[in-house]
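Here is the structure we will look at, set down as structure tokens.
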Amino acid sequence: MRPGLRRALDKGNPVGVLIDQLERTKASIRARVEHPFRVIKQQFGYVKVRYRVTCPLQPYQSKVEVRVQG
Numbered sequence: 003m004r005p006g007l008r009r010a011l012d013k014g015n016p017v018g019v020l021i022d023q024l025e026r027t028k029a030s031i032r033a034r035v036e037h038p039f040r041v042i043k044q045q046f047g048y049v050k051v052r053y054r055v056t057c058p059l060q061p062y063q064s065k066v067e068v069r070v071q072g
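Residue numbers 3 to 72, in the numbering used here, belong to the letters of the sequence shown in order.
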């Protein structure tokens with residue numbers, strides 16, 4: 003269930019309370035199951051590459067300086 007729909011549930015209604023408890027249980031199970039996968043992926047280096055640049059306006063400009071002796 004989307005967070006907005008869950009927030010809009012009527013907490014005074016027994017059905018709304020039951021649905022809220024169900025969603026809470028699903029979220030806790032999902033958190034318990036997905037966390038070990040994240041840890042294993044980090045240990046084996048399965049992450050996207052992030053290129054950090056000094057100037058965010060010029061992300062592809064190289065900061066390499068070439069000197070010619072002559």
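The C-beta atom is built at its ideal place from N, Cα and C for all residues, glycine as well.
Remember, it's a predicted structure, so these values are computed and weren't measured experimentally.
Test item: CB-CB of ASP22 and ARG32 under 8 Å: For this step, residue 22 is matched to residue 20 along the sequence shown. For this step, residue 32 is matched to residue 30 along the sequence shown. In this structure, ARG32 does not lie closer than 8 Å to ASP22 by Cβ.
Proximity to MET3 [Cα-Cα], best of LYS13, LYS43, ALA29: As a working mapping, residue 3 is identified with position 1 in the sequence shown. The candidate whose alpha carbon is nearest that of MET3 is ALA29.
Under the three-state DSSP convention, the category LEU11 falls into: Residue mapping note: residue 11 aligns to position 9 of the sequence shown, counting from 1. In this structure, LEU11 counts as coil in the three-state DSSP scheme.
For PRO16 and ALA10, the rounded distance between their alpha carbons: Residue numbering aside, residue 10 sits at position 8 when the sequence shown is read from its first letter. Residue numbering aside, residue 16 sits at position 14 when the sequence shown is read from its first letter. Near 14 Å, if we compare the C-alpha coordinates of PRO16 and ALA10.
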